[in-house]
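Colleague: For the sequence shown, our numbering begins at 74 and goes up steadily by one. Virtual Cβ for every residue (Gly too), placed ideally from N, Cα, C. Quantities reported herein were computed from a predicted structural model and do not represent experimental measurements.
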Amino acid sequence: QVQVVESGGGLVQPGGSLRLSCVVSRTIFSFLTVAWYRQAPGNERELIASLSSSIVGGATNYADSVKGRFTISRDNAKNTVFLQMDSLKSEDAAVYYCNTYPRALSWGQGTQVTVSS
């Protein structure tokens, strides 16, 4: 069974940075389009960033709400996806999840990001 394990969340002040990590236990990881999603209380889970396989160009896409502040990257040798989050705002507070795009794996437990002074 494929597992997705996110980590790196925490409490950060507005304007601060965090780097999230996600390990996917799947041997064909390098072929996958990977993505980060988030879900704030009372809201639906939303796609915020995706990164295609380098085989098809390694293209990135970002939601307007995070464009210019967040960066998605991957380390295929370690089956790991990263999300560098800079200039964090209070509205970025949410539980962050990684998965494929379109979603094809069971959701992991997510990692909580809290932005507060």
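(1) Might you give, ordered along the chain, the residues of its own chain that have their beta carbon closer than 6 Å to the beta carbon of G82, omitting 5 neighbours on each side?
(2) Kindly indicate the opening and closing residues of the beta strand (DSSP E) around Q157.
(3) Beta-carbon separation of C95 and V75 under 8 Å?
(4) Between R118, G181, S103 and N172, which has its C-alpha nearest D165's C-alpha?
(5) Identify the residues that DSSP records as bridge partners of Y170: which are they?
(6) From the DSSP secondary-structure annotation, give me the bridge partner or partners of Q185.
Modeller: Reading it off the structure:
(1) Excluding sequence neighbours, G82 sits near T184, Q185 and V186.
(2) Counting along the chain, Q157 sits inside the beta strand (DSSP E) bounded by residues T153 to M158.
(3) The answer is no: Cβ separation not under 8 Å.
(4) Nearest C-alpha to D165: R118.
(5) BP columns for Y170 point to Y110.
(6) V168, per the DSSP bridge assignment.
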